[in-house]
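Residue numbers (the numbering used here): 18 to 135. For every residue, glycine included, the Cβ atom is placed at its ideal position computed from N, Cα and C. Note that the structure is a prediction, hence the values are computed from the model and not measured. Presented below is the structure to which this report refers.
Next up, the structure:
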């Protein structure tokens, strides 16, 4: 009987851990639910950049880029370092770029298959 209880306790702990992982993943996807933030992630995947460079490359306003970067930073997706007076943003982990690229590829493949192109 003790073995069954031990297995049940392990199963419950695994279930709690799994649910916590799902919650954290859902929070990550919520942050990535903005096309503008996805675009900034893709830009930062190619090279670390300051706000002014991201404004130029994205054609978004400076306040909007700063707001999105703050959200990405709070979610742990980007980090910031200083180069003199300029804040340089970079991806905290390049796995996120792969997740974004895979999602985009998945969507584009779905569009092509819907049109009979695949």
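| Query | Result |
| --- | --- |
| CA-to-CA distance, residue 35 to residue 105, given in whole angstroms | 35 Å |
| Residue 63 - containing alpha helix (DSSP H), residue span | 52 to 63 |
| Per-residue burial, residue 95 [other beta carbons within 10 Å of its own, 16 or more giving buried] | buried |
| Distance CB(residue 91)-CB(residue 65) smaller than 7 Å | no |
| Range of the contiguous beta strand (DSSP E) that encloses residue 108 | 103 to 108 |
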